[in-house]
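*Asks:*
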Amino acid sequence: MRSIEHFINGSSVADGTRHGDVWNPSQGEVQARVTLGTAATLQKAVDAANAAQPAWAATNPQRRARVMFNFKALVEANMNELAELLASEHGKVIADAKGDIQRGLEVIEFCCGIPHALKGEYTQGAGPGIDVYSMRQPLGIGAGITPFNFPAMIPMWMFGVAIACGNAFILKPSERDPSVPVRLAELMKEAGLPDGILSVVHGDKEMVDAILDHHDIKAVSFVGSSDIAQYIYSRGTANGKRVQAFGGAKNHGIVMPDADLDQVVNDLAGAAFGSAGERCMALPVVVPVGDDTAAALREKLVPAIDKLRVGISTDPDAHYGPVVNEAHKQRVENYIQMCADEGGELVVDGRGFTLQGHEKGFFVGPTLFDHVKPHFKSYQEEIFGPVLQMVRADSFDEAVRLPSEHPYGNGVAIFTRNGHAAREFAARVNVGMVGVNVPIPVPVAYHTFGGWKRSGFGDTNQHGMEGVKFWTKVKTITQKWPDGSAAGDHKEAFVIPTMA
Ligand code: NAD
């Protein structure tokens, strides 16, 4: 059986006695095993990073950017191979796997312009003969801990910016689909990145705790579920690290009475069921405003759901593939039962779905609930499967309140033709990313990604200038070059200097 090893100091390293199964979710079979490392494995990556990082930080930013240009070309040249590998471990369809890689590459494109982003500020003549300037310096070694659902994009969000800023980076990818992160690190080496600057260590909680407790790791970026995000944030910051930790989501799509319902149905089908609902920016809750809107929407939505094609990840006609593993399939089906037990009307039931020839695959059919109420546990929690819950609202104010009061605050969308309503909604809603007639408002790479409330712990977002801030620290220099002639230069000063 194929073995997936760590990538440390530019080489494959087999280290650790425990292993994890890597499944092919379409077939329901184990296809590889990943070696789970320990604190000793991490130490090897840290040693390599410590040895390589000072020279990398001293490499001028244009040269660092050229590695990013080379890497972008290599990923594009290897796109098909990467997408097939990604789809085989995750289960998303190939076209969607390419999207996962492409969204990560767009952050790499941002990193190609890193010299511009790292320019400091300068004030000439801040005082008599005094100039003030600032510089952004790398932190040293950063680490990233990433989820299974975007095994290419999220690692690239993190290591692209961290490395372009002059840091060394240690990636601990999800142990469920670890192959693509290793391939990306190999391609970074091929692109010209010195050994030791990007290492990949595999593992579970043991490895994560070793990262959180390691003195030499100065910053940790995490994306995953909320309870783990909160844990990472608490333990990492208690150890004096800079931590950004992004959690789960339950994004709402508000449908106003004047919305273009045909467009809404198309958008909802993709946003609720695409990637089997395993996206942190999926839209698993739809909120029609008014019963007439709800009735009209439901009439169009049900036939659209009936037309969805669930298939294996290599089926070019499939809209979405299996969920990631058997336990997750069971969890999603349990939530479907819970929502029905809580009083939701189960309009389309996706349980018990099997695909001929792939009976062991982890498939869940598309599921629709109507009349879901805000107090349901199945509404309060993240399901992370192809399940759409309709929560009817009586008014615009109620539609603003629902996502605003929900524990998660990652993304939200409003569908309307009314510019004033959209503007009000965007200003008032208590959520980090807002779409106006855009169902999955993942901001472009040069803007920034981050949710609020239980969707995000910490202060700075991913990528864009927020990412540059996260992976650097500011140093501010106040300088004076006396000409040696003025008597005042030699005076003792016991009073704090001011600009008065
Ligand atoms: P997860 O929390 O199970 O795992 C994420 C990472 O944490 C993995 O690397 C895993 O090995 C590690 N981990 C798991 N259990 C741990 C523990 N007890 N202690 C320490 N580390 C642990 O998440 P997942 O199932 O891989 O990913 C899906 C989740 O990620 C969903 O909740 C989804 O909403 C969220 N997500 C959020 C965003 C965002 O930007 N907010 C993006 C993608 C995914």
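Position 268 of the sequence shown, counting from 1, maps to 268 under the UniProt record's numbering, and the rest follow consecutively. A virtual CB, placed ideally from N, CA and C, is assigned to each residue, including glycine. Source: prediction; values computed, not measured.
Could you work out which residue in GLY435, GLN27 and HIS420 is closest to ALA413 when comparing CA atoms only?
*Replies:* Taking the first residue of the sequence shown as position 1, residue 413 is located at position 413. Taking only the C-alpha atoms, the option nearest ALA413 is GLY435.
*Asks:* Suppose only complete runs of 4+ residues qualify. What are the alpha helix (DSSP H) ranges in the segment 383-435, listed by chain order?
*Replies:* 396-405 and 419-428
*Asks:* Short of 6 Å in beta carbon distance, which residues of its chain neighbour ALA393, apart from the five on each side in sequence? Order them along the chain.
*Replies:* Numbered from 1 along the sequence shown, position 393 holds the residue referred to as residue 393. Within the same chain, ALA393 has close Cβ partners VAL287, VAL289 and ALA399.
*Asks:* As a quick exercise: from GLN462, ARG103 and ILE101, pick the residue whose alpha carbon is nearest that of PHE222.
*Replies:* Taking the sequence shown and counting its residues from 1, the one referred to as residue 222 is at position 222. PHE222 has its Cα closest to that of GLN462, out of GLN462, ARG103 and ILE101.
*Asks:* Check whether the segment 155-171 touches the segment 135-145, taking contact to mean three or more Cβ pairs, one atom from each stretch, closer than 8 Å.
*Replies:* yes
*Asks:* Could you tell me which of LEU139, MET68, PRO147 and ALA48 sits nearest to GLY248, measuring between CA atoms?
*Replies:* Locating residue 248 in the sequence shown gives position 248, counting from the first residue. Of the candidates LEU139, MET68, PRO147 and ALA48, the one whose C-alpha sits nearest the C-alpha of GLY248 is PRO147.
*Asks:* From SER234 to VAL265, what does the alpha carbon distance come to, in whole angstroms?
*Replies:* For this step, residue 234 is matched to residue 234 along the sequence shown. For this step, residue 265 is matched to residue 265 along the sequence shown. Going by the C-alpha atoms only, they are around 41 Å apart.
*Asks:* Roughly how many angstroms separate the alpha carbons of ASN325 and GLU342, rounded to a whole number?
*Replies:* Counting from 1 along the sequence shown, the entry for residue 325 is found at position 325. Counting from 1 along the sequence shown, the entry for residue 342 is found at position 342. Straight-line Cα distance between these residues: approximately 26 Å.
*Asks:* Put SER221 into one of helix, strand or coil per three-state DSSP.
*Replies:* Walking along the sequence shown from the start, residue 221 turns up at place 221. Three-state result, SER221: strand.
*Asks:* Checking 9 Å against the spacing of the C-beta atoms, do ILE232 and PHE457 come in under that value?
*Replies:* As a first step, residue 232 must be located in the sequence shown, where it is residue number 232. As a first step, residue 457 must be located in the sequence shown, where it is residue number 457. In this structure, PHE457 lies closer than 9 Å to ILE232 by Cβ.
*Asks:* With distances taken Cα to Cα, identify the nearest neighbour of GLY91 among LEU261, SER26 and GLN62.
*Replies:* Stepping through the sequence shown from its first residue, residue 91 is reached at position 91. Nearest of LEU261, SER26 and GLN62 to GLY91, Cα basis: SER26.
*Asks:* Please state if the CB of VAL220 and the CB of ILE228 are separated by a distance shorter than 9 Å.
*Replies:* Within the sequence shown, residue 228 is the residue found at index 228, counting from 1. Within the sequence shown, residue 220 is the residue found at index 220, counting from 1. It is not a contact, given that the beta carbons lie outside the stated cut-off.
*Asks:* Quick one: grab the DSSP three-state call for MET135.
*Replies:* Position 135 of the sequence shown, counting from 1, holds the residue named residue 135. It is a strand residue.
*Asks:* Run the proximity test for ASP209: is its beta-carbon closer than 8 Å to any non-hydrogen atom belonging to ligand 1?
*Replies:* Counting from 1 along the sequence shown, the entry for residue 209 is found at position 209. Yes, ligand 1 has a heavy atom inside 8 Å of this Cβ.
*Asks:* Would you kindly report the start and end of the unbroken beta strand (DSSP E) that includes TYR122?
*Replies:* By 1-based counting over the sequence shown, the position of residue 122 is 122. Looking at the DSSP string, the run of the beta strand (DSSP E) that includes TYR122 is 122-127.
*Asks:* At which residues does the beta strand (DSSP E) containing ARG298 begin and terminate?
*Replies:* Along the sequence shown, read from residue 1 onward, the residue named residue 298 stands at position 298. Premise fails: ARG298 lies in the alpha helix (DSSP H), 291-306, not in any beta strand (DSSP E).
*Asks:* Short check: CB of residue 502 to CB of ASP21, under 9 Å?
*Replies:* The requested residue 502 is not part of the displayed model; the chain covers only 1 to 500.
*Asks:* Within its chain, find whatever has a CB closer than 6 Å to the CB of PRO178; leave out the 5 residues flanking it on each side and keep chain order.
*Replies:* Locating residue 178 in the sequence shown gives position 178, where the first residue counts as 1. So the list reads ILE4, VAL34 and HIS202, once near-sequence residues are dropped.
*Asks:* What's the call for PRO403, buried or exposed, on a 16-neighbour Cβ count within 10 Å?
*Replies:* As a position in the sequence shown, residue 403 is number 403, starting the count at 1. With 16 or more other Cβ atoms within 10 Å, it is buried.
*Asks:* What are the boundary residues of the beta strand (DSSP E) that includes ARG242?
*Replies:* If you number the sequence shown from 1, residue 242 lands on position 242. Here the beta strand (DSSP E) through ARG242 covers 242-246.
*Asks:* Secondary structure at GLY91, three-state DSSP: helix, strand or coil?
*Replies:* Against the sequence shown, residue 91 aligns to sequence position 91. Reduced to three states, the DSSP call for GLY91 is coil.
*Asks:* Relative to the C-alpha of ALA126, which residue among TYR408, LYS473, PRO386 and ILE477 is closest?
*Replies:* Taking the sequence shown and counting its residues from 1, one reaches residue 126 at position 126. Minimum Cα distance to ALA126 is reached at ILE477.
*Asks:* By how many angstroms is the C-alpha of GLN31 removed from the C-alpha of ARG2?
*Replies:* As a working mapping, residue 2 is identified with position 2 in the sequence shown. As a working mapping, residue 31 is identified with position 31 in the sequence shown. The alpha-carbon atoms of ARG2 and GLN31 are separated by roughly 7 Å.
*Asks:* Looking at the C-beta of ALA272, does it have a partner C-beta in chain B at a distance below 9 Å?
*Replies:* Annotation note: the requested chain B is absent from the structure, which comprises a single protein chain.
*Asks:* By how many angstroms is the C-alpha of TYR133 removed from the C-alpha of ALA97?
*Replies:* For the purposes of this step, residue 97 is taken as the residue at position 97 of the sequence shown. For the purposes of this step, residue 133 is taken as the residue at position 133 of the sequence shown. Straight-line Cα distance between these residues: approximately 44 Å.
*Asks:* What three-state label does DSSP hand HIS6 in the structure shown?
*Replies:* Your numbering for residue 6 matches position 6 in the sequence shown. In the structure shown, HIS6 sits in a strand (DSSP, three-state: E or B).
*Asks:* If we call anything under 9 Å between Cβ atoms a contact, is PHE273 one with LEU388?
*Replies:* For the purposes of this step, residue 273 is taken as residue 273 along the sequence shown, with counting starting at 1. For the purposes of this step, residue 388 is taken as residue 388 along the sequence shown, with counting starting at 1. Yes, the pair counts as a contact, with Cβ atoms nearer than the cut-off.
*Asks:* Under the rule that 16 or more other beta-carbon atoms within 10 Å means buried, what is ASP100, buried or exposed?
*Replies:* By 1-based counting over the sequence shown, the position of residue 100 is 100. Counting Cβ neighbours within 10 Å, ASP100 comes out buried, since at least 16 surround it.
*Asks:* Buried or exposed: which applies to SER455, given that a residue is buried once 16 or more other Cβ atoms fall within 10 Å of its Cβ?
*Replies:* For the purposes of this step, residue 455 is identified with residue 455 of the sequence shown, where counting begins at 1. Buried is the call here.
*Asks:* Determine, using beta carbons only, whether ARG129 and PRO443 come nearer to each other than 9 Å.
*Replies:* Indexing the sequence shown from 1 puts residue 129 at position 129. Indexing the sequence shown from 1 puts residue 443 at position 443. Correcting the residue type first, residue 129 is Gly in the shown sequence and not Arg. Their beta carbons are not under 9 Å apart, which means GLY129 does not touch PRO443 by this criterion.
*Asks:* Decide if the segment 4-13 is in contact with the segment 156-166; the criterion is three or more beta carbon pairs, one per stretch, under 8 Å apart.
*Replies:* no
*Asks:* Determine, using beta-carbon pairs with one atom in the segment 181-190 and one in the segment 311-319, whether at least three such pairs fall under 8 Å.
*Replies:* No, the segment 181-190 does not touch the segment 311-319.
*Asks:* Could you tell me which of ALA282, ARG176, GLY464 and LYS329 sits nearest to LEU36, measuring between CA atoms?
*Replies:* For the purposes of this step, residue 36 is taken as the residue at position 36 of the sequence shown. The residue with the shortest Cα to Cα distance from LEU36 is ARG176.
*Asks:* Rounded to a whole number of angstroms, what is the C-alpha to C-alpha distance between GLU492 and ASP131?
*Replies:* On the sequence shown, position 492 is the one that residue 492 refers to. On the sequence shown, position 131 is the one that residue 131 refers to. If you take the alpha carbons of GLU492 and ASP131, they lie about 21 Å apart.
*Asks:* Just to confirm, does PRO497 get its C-beta within under 8 Å of one of the non-hydrogen atoms of ligand 1?
*Replies:* For the purposes of this step, residue 497 is identified with residue 497 of the sequence shown, where counting begins at 1. No; taking the cut-off as 8 Å, the Cβ of PRO497 has no heavy atom of ligand 1 nearer than that.
*Asks:* What residues in its chain sit with their C-beta under 8 Å from that of ASN418, if we drop five residues either side in the sequence?
*Replies:* As a working note, residue 418 is residue 418 in the sequence shown. Sequence-distant Cβ neighbours of ASN418 in its own chain, meaning closer than 8 Å and more than five residues away, are MET256 and ASP258.
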